[in-house]
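What follows is a short report on a single structure.
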Amino acid sequence: MANLVKTGISGLDAMLYGGIPEGNQVIVAGGPGAGKTLLSFEYLYRNAKMGFTSVFFALEETPERVLENAKSAFPEFKDIDSLVKAKKLIIDGEDPATVLHSSTSDDNSSQYEFGKVVADIESTIVSTKATRVVIDSLSVFEMLINDPTAYRRSMLALISNLRRLGVTTLLTAEMSSPERSRLRFKTEYFVFDDIVIMYEKGEEEKRMLAMEVIKTRGTKHSFVTTPYDISASGINVLSAEEMGL
Ligand SMILES: Nc1ncnc2c1ncn2[C@@H]1O[C@H](COP(=O)(O)OP(=O)(O)OP(=O)(O)O)[C@@H](O)[C@H]1O
Ligand SMILES: [Mg+2]
Numbered sequence: 000m001a002n003l004v005k006t007g008i009s010g011l012d013a014m015l016y017g018g019i020p021e022g023n024q025v026i027v028a029g030g031p032g033a034g035k036t037l038l039s040f041e042y043l044y045r046n047a048k049m050g051f052t053s054v055f056f057a058l059e060e061t062p063e064r065v066l067e068n069a070k071s072a073f074p075e076f077k078d079i080d081s082l083v084k085a086k087k088l089i090i091d092g093e094d095p096a097t098v099l100h101s102s103t104s105d106d107n108s109s110q111y112e113f114g115k116v117v118a119d120i121e122s123t124i125v126s127t128k129a130t131r132v133v134i135d136s137l138s139v140f141e142m143l144i145n146d147p148t149a150y151r152r153s154m155l156a157l158i159s160n161l162r163r164l165g166v167t168t169l170l171t172a173e174m175s176s177p178e179r180s181r182l183r184f185k186t187e188y189f190v191f192d193d194i195v196i197m198y199e200k201g202e203e204e205k206r207m208l209a210m211e212v213i214k215t216r217g218t219k220h221s222f223v224t225t226p227y228d229i230s231a232s233g234i235n236v237l238s239a240e241e242m243g244l
């Protein structure tokens, strides 16, 4: 069996029965504001603290904003700056406006822009020797490549590149609705090794955030819908497995 890569978020590791099989490509999908960016940031922060070089590719906001938001959401992560300084935690990015603007609407130009972003991601991984990676988010690729078949093919290419590099990656994707009942799985999700979804549950005042592991390739996982919250000390996943229920 493959080594397991801990996310460092203990409740999530319990849902994953130990962690993500090393080298797997995980899609973290969810509604707007569900905490996808913060959860993936915490994964890298925890792994950087464990000594693994970690790279965050910001494709939705600037790297500066990602850092600012993470620091403000997680005031108890005191050593973010020192990990960044030590190049254990690397926040890189590409301005989505530039990517989208450089591409005219024809397919060749979109593929070219996509290829350029992927090549940049690859070269940063190689030059930093990173083993833990986040790509936040896939939306820019979706906007760039309109044709669903071409998009799916591009995702396969991206994943096979990441696999070849041996990195364990979280890739975030936006789902149109924050609610579970309205979430629709897009076919391209199934090209990923693991699928985690984050969404809102309940009605009116009883709304809460919950996550589910839909599949993990090569290992067992929890089937329990699990509540979580975003706290100053990180994402708290109230896993039944962890609480021994
Ligand atoms: N400084 C903060 N303090 C407390 N909670 C915060 C803070 N910043 C963000 N949050 C919480 O985190 C949520 C946003 O987290 P995050 O940016 O990770 O979501 P996301 O799923 O990536 O959203 P998007 O779809 O916009 O990319 C907010 O809805 C809020 O509940
Ligand atoms: Mg986000």
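Numbering that gives the first Met the number 0 applies: residue 0 is where the sequence shown begins, and numbers increase by one.
Where a beta carbon is used, it is the ideal one built from N, C-alpha and C, also for glycine.
Proximity below 9 Å, CB of residue i to CB of residue j
| i | j | result |
| --- | --- | --- |
| A96 | S136 | no |
| G233 | D192 | no |
| L58 | V117 | no |
| A149 | D106 | yes |
| E240 | A13 | yes |
| G32 | T61 | no |
7 Å CB neighbourhood of residue i in its chain, flanking five on each side removed
| i | result |
| --- | --- |
| G29 | K35, M174, I196, M197 and Y198 |
| L237 | G10, T225, P226 and Y227 |
Under the three-state DSSP convention, the category residue i falls into
| i | result |
| --- | --- |
| G16 | One detail in the question is off: residue 16 reads as Tyr in this sequence, not Gly. Coil. |
| R216 | coil |
| K5 | coil |
| D91 | strand |
| I124 | helix |
| S81 | helix |
| I194 | strand |
| F165 | Note that residue 165 is Gly in the sequence shown, not Phe. Of the three classes helix, strand and coil, the one that applies to G165 here is coil, per DSSP. |
| D106 | helix |
| K185 | coil |
| D119 | helix |
Neighbourhood of residue i by C-beta distance below 8 Å, restricted to the same chain and skipping five residues each side
| i | result |
| --- | --- |
| V125 | L164 |
| S39 | V27, F55, V133, D135, L169 and T171 |
Any C-beta of chain D under 9 Å from that of residue i
| i | result |
| --- | --- |
| E173 | In the structure shown, chain D does not exist; there is a single protein chain. |
Residues that DSSP places opposite residue i in a beta bridge
| i | result |
| --- | --- |
| D135 | A57 |
| E178 | E199 |
| F226 | The sequence given here has Pro at residue 226, not Phe. Paired residues: A209. |
| L170 | I26 and I134 |
| G233 | S230 |
Own chain, CB closer than 6 Å to residue i, minus 5 neighbours either side, in chain order
| i | result |
| --- | --- |
| G201 | M207 |
TODO: Assess, as a yes-or-no matter, whether the stretch 32-50 is touched by the stretch 178-186 under the definition of 3 or more beta carbon pairs within less than 8 Å.
DONE: no
- [ ] Kindly confirm or deny that the stretch 14-23 and the stretch 64-75 touch, where touching means at least three C-beta pairs closer than 8 Å.
- [x] no
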